[in-house]
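To start, the structure itself, in structure tokens.
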Amino acid sequence: MGNTPGAGLYIHIPFCVSKCAYCAFNSFAPAGFDTSAYLQALHAQLLRLSRHPLVEKNIFSTIFIGGGTPTIYSARQLAGLVSIALDNFHFSYPVEITVEGNPDSIKQKSLYALRRAGVNRLSIGVQSFTDDLLASLGRIHNAAQAENAIKTARKAGFADINLDLMFGLPGQKLKEWRQTLETTCRYGPEHLAVYELTVEENTPFADLAAKGKLKLPHEEIVADMAELSQRILADAGYIRYEISNFARSGYECRHNINYWQNGSYLGLGAGAVSSIADIRISNTNDPADFNKQIMAGNDGFSGAEALCREKKFRETVIMGLRMVKGISLASLRKRFNLDPREYYGDTFRRLLDNNLLEIKDGGLRLPEQAMAVANQVLAELV
Amino acid sequence: MKNIRNFSIIAHIDHGKSTLADRLIQTCGMVKDRQFKEQLLDNMDIERERGITIKSQTICLPYKAEDGKNYILNLVDTPGHVDFSYEVSRALNSCEGALLLIDASQGIEAQTLANLYLAMENDLEIIPVINKIDLPSADPETVALQIEEDLGLDSDLVQMCSAKTGEGVADILEAIVKILPPPEGDVNAPLQALIFDANYDPFRGTVISCRIINGRVKAGDRIIFMSNMAEYRVEEVGIFHLQRRPVKELQAGEVGYILAGIKTVSDTRPGDTITLKANPAAEQLPGFREIQQVVFSSIYPISTDEYENLATAMEKLKLNDAALTFQKDSSNALGFGFRCGFLGLLHLEVIQERLEREFDLPIILTVPSVCYHFYLQDGAMLEVDNPAHFPDPAGIDRTEEPFIKATILMPDRYMGTVMNLCMERRGENTNYHYPMPGRIELTCELPLAEVIYDFYDKLKSITQGYGSFDYELLDYRPSDLVKLDILVNGERVDALSQLVHRSNARARGLHACERLKEEIPRQMFKIAIQGAIGGTIISRTTISALRKDVTAKCYGGDISRKRKLLEKQKAGKKRMKTVGNVDIPQKAFLAVLKSEQT
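Respectively, the protein sequence lines represent chains A and B. Throughout, the working numbering is defined as the position within the first sequence, counted from one, plus 1442. Throughout, the working numbering is defined as the position within the second sequence, counted from one, plus 78.
This is the structure we're talking about:
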């Protein structure tokens, strides 16, 4: 885990062939949009922001093309984005370049092309190896396609593969989750993001839940699933380095660590968010509006929030505590000239006394048993 | 005086009293249509939201009648809830007539009767008004028949209207002028002014609403309150338009206000008589009585360092609410607070909401109690309204608790279930009769303690909303009380203690434990909740430990949103009281007495 990674560059592809029932991300079916116009708008925003006074001085070290489903674009189109980014921003090498894709849209030929363009990390939205569950999530791939996608990626030479997995799915049994984890370990990806299903507002799942028709596993079972993942993945040699993220040593995702360290990042594309120079800026959500704004010569921004020192300090603490290693007290002092022990006073001491926080190796962190109830602690520190 | 009419509108809750008042105001041209907002007279948020009137308001309506003469119609609004029946009676006392408002689809309800009786006791002329005739379910002919046959009122007087659409409202104004008598009184007699309400104006002090029965009063006069002989100098007199409007003098027959720089609202008691120091009246107007608090509960700030703010807020509320009493109290679990007396539970909830809304003070109310009488073996009698002062059981000779007479009006099909409810609540001497075909009026003598919390809610639910309820205090009767304590993780929480009848103790203990289990959120450790009498545990529940509370995904685009969620969670925590190491939410303290549905 590199200490202060450089800034991150995020490029959002807001299109998915079909929208999953749990998804609250900014994504749309491509049919209703001019996807090539959107690609042009992305190019334009890349060029425009690379010369933006707030951005110019930043040194970047990661690129992440996420979505949505970036692989709705051809490898050549994605490679084009990567090379424009590399040519127009300052980077410190080696650059971690991730592309997200869904199992149904991963083809060997395009993977070669991506590799050649410098993409060195592939993130595959597997979610589960149980076909019924995939169908009920509204995913358009099945378990066999997922397994093929991993094999294909390996053949194409990807040596850093992430799989996204989900548990706590409607109707999911502990046994099925164990099978998914075991299948995962057989393929030995370098990185795993293991999420509990969150029912987000304004999703089909939220509607079902409101009607009492979403049959989620009992909370105790979900807690068991979380514990099971930790056990199985630890046995298979994965190190948990964030609440939901596991990696083989040296394969932690630098792009995401930068988020958890509340570092600087630039988000390109519809709905993407930037955090630069203590301002958090969000781009226009709707891809068509976004295109229009960019083509009219605007930045494409729709909102901004200034982060005062203390707010940003608290935010940095709560984000940093998501990581197992926690957050270094020295870096907090350096960045904010604040010490959480003094800043939070009695609250902090109480959390320490109740073993809900610990200070170890100069880092402030959540003890292992507090990870599962992290919000209880973070809500005291926010 | 011939051109004045003083009247009230009396009605069962929800029969449209405030809407009709608004419509009368509008029809008399007091407000432009575009200034019109619903329920002009209900100006507290709580009143608008709950659709009830808590503080009565008065308004003076100028009206040009069909006979070509100009009239002054004083509408004295009244609170619409059983907790406030004394206030209602004082307001009625200042009128010569009343509009008895009845919902065209609901017909006559318990409060319709209770209010009608009150009005009759005060010798008021009654105009029955059938409201909501625009509703599809309206059955005005049947209701008119009920009025004639069951209430014994003259059906020729009945007015039909829809306060909502305005239909029939003009006729009501004419009826007020034609049917209601003008006030009587002797302008030259010594001043007798009846106080029926008081409000507080931060700049001018107490605003006394009063009806001048005899005599006259003007700025500069020295006045005396006859109940306590407090003396003040009148600064201003006036009448109520939408704002106060000063006048030179108020005379017999008129309704208006008096400002006299009064800072202690407790000096102005509804029902009291104001007279002039120079030429005092021989006697007080009849009907005055001290306000009687029947429900007691302690108020604590959630954060102990808010005590001073709470004290200030209580003083301010008291200025506007003569019925609220309080004194300092303290609790091991909750620190310093106030023991308060209320007219009833609605009054208690109103105070709670006002403290939170108007003063932004998160507070905890302890389990409400009535006032018990303990006769000790040494002959002394202790009045106890706070479980903390429960005497040593060994020293108690006998105990008494207050009883009420409840009047419940309902369709006869609910009689069985309602009688069961009364029996469950230790009801005695249940009687019933049929004031009208298909409807039963049930009277029952019940311990007040059994009624204060959820009786009304229960009644509403088992009668599907058709049952209505009114009560009056009767007397004290022998009882057998024990103190039920609640232990949270082994620690007794004094604020959750309650005095209960021995026969109910086990059931109440179990109920309290179960309700607390529902209200206390899971925490990071297991929580045991126990009910105990003395050293004996009589009930127990366990809240299992929280195993997960974590946000799965949080990346760059999510930070702001997730942070806001955590901030919300933090605000929720602030509304909880930490007892020992357990966070107990505010509403848990009241929930102990409530039934599940509410």
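Ideal Cβ positions, reconstructed from N, Cα and C, are used throughout, including at glycine. Because the structure is a prediction, the values reported are computed rather than measured.
A Cβ of chain B is located within less than 7 Å of the beta carbon of GLN1818/A. Per the C-alpha coordinates, the member of SER375/B, PRO440/B and GLY413/B positioned closest to GLY422/B is SER375/B.
Going by beta carbons, GLU262/B and ARG294/B fall outside the 7 Å limit. In this structure, the straight-line span from the alpha carbon of THR390/B to that of THR342/B is close to 14 Å. One finds GLY634 and GLY635 in chain B with Cβ atoms closer than 8 Å to the Cβ of GLY1709/A, taken in chain order. In chain B, no part has a C-beta under 9 Å from the C-beta of ALA1648/A; the shortest such distance is about 15 Å.
The segment 247-264 of chain B makes contact with the segment 230-238 of chain B; the number of CB pairs closer than 8 Å reaches 3 or more. The beta carbon of LYS648/B sits closer than 7 Å to some beta carbon of chain A. Between MET304/B and THR353/B, the CB-CB gap stays under 7 Å.
Bridge pairing for LYS595/B: absent [DSSP]. Contact between the segment 395-412 of chain B and the segment 447-457 of chain B is not established, with fewer than three Cβ pairs separated by less than 8 Å. DSSP places LEU102/B in the helix class (H, G or I) of the three-state scheme. Non-local C-beta neighbours of THR619/B in its own chain, meaning closer than 7 Å and more than five positions away in sequence, comprise CYS591, GLU592, LYS595 and ILE607, ordered along the chain. Under the three-state reduction of DSSP output, CYS1627/A falls in the helix class. Under the Cβ distance rule, MET602/B counts among the residues neighbouring chain A, one pair being separated by less than 7 Å. In terms of beta-carbon proximity, GLU1757/A lines the interface with chain B, with at least one pair separated by less than 7 Å. Under a criterion of Cβ atoms nearer than 8 Å, the residues of chain A adjacent to VAL628/B are, in order, GLU1638, ILE1685, MET1813, ALA1814, VAL1815, ALA1816 and ASN1817. Within the segment 651-667 of chain B, those residues whose Cβ lies closer than 9 Å to any Cβ of chain A are, in chain order, LYS651 and ASN659. Within the segment 1625-1708 of chain A, the complete alpha helix (DSSP H) runs of at least 4 residues fall at 1646-1652, 1661-1677 and 1696-1702. Per DSSP, the continuous beta strand (DSSP E) segment holding PRO1536/A begins and ends at 1532-1543. Contact between ASN171/B and PHE281/B is ruled out by a C-beta separation of about 29 Å, above the 8 Å threshold. GLU645/B has a beta carbon lying within less than 7 Å of a beta carbon in chain A.
The residues ALA1466, in chain order, have a CB closer than 8 Å to that of GLU1643/A in the same chain once the five nearest residues on each side in sequence are set aside. GLU384/B has its alpha-carbon roughly 44 Å from the corresponding atom of LEU1708/A.
Taking 7 Å as the cut-off, the beta carbon of TYR544/B is found closer than this to the beta carbon of MET488/B. In the displayed model, ASN464/B falls within coil according to three-state DSSP, outside both helix and strand. Three or more Cβ pairs closer than 8 Å define a contact, and the segment 1525-1542 of chain A falls short of that threshold against the segment 1719-1732 of chain A. Under a criterion of Cβ atoms nearer than 7 Å, the residues of chain B adjacent to VAL1715/A are, in order, GLY634 and GLY635. With fewer than 16 other Cβ atoms from the protein chains shown falling within 10 Å of its own Cβ, GLY244/B counts as exposed. By alpha-carbon distance to GLU226/B, the top candidate from ALA630/B, PRO663/B, PRO513/B and ILE442/B is PRO513/B.
DSSP, read as helix, strand or coil, puts GLY612/B in coil.
Looking at the DSSP output, ILE518/B bridges to MET488/B. For LEU223/B, no CB of chain A lies under 7 Å from its own CB, so it is not counted at the interface with that chain. For VAL1824/A, at least one C-beta of chain B is nearer than 7 Å to its own C-beta. One alpha carbon belongs to THR97/B, the other to ALA241/B, and they sit about 6 Å apart. The beta carbon of ASN81/B lies closer than 8 Å to those of LYS147, ASN148, TYR149, ILE150 and PRO260 in the same chain, with the five residues before and after it left out.
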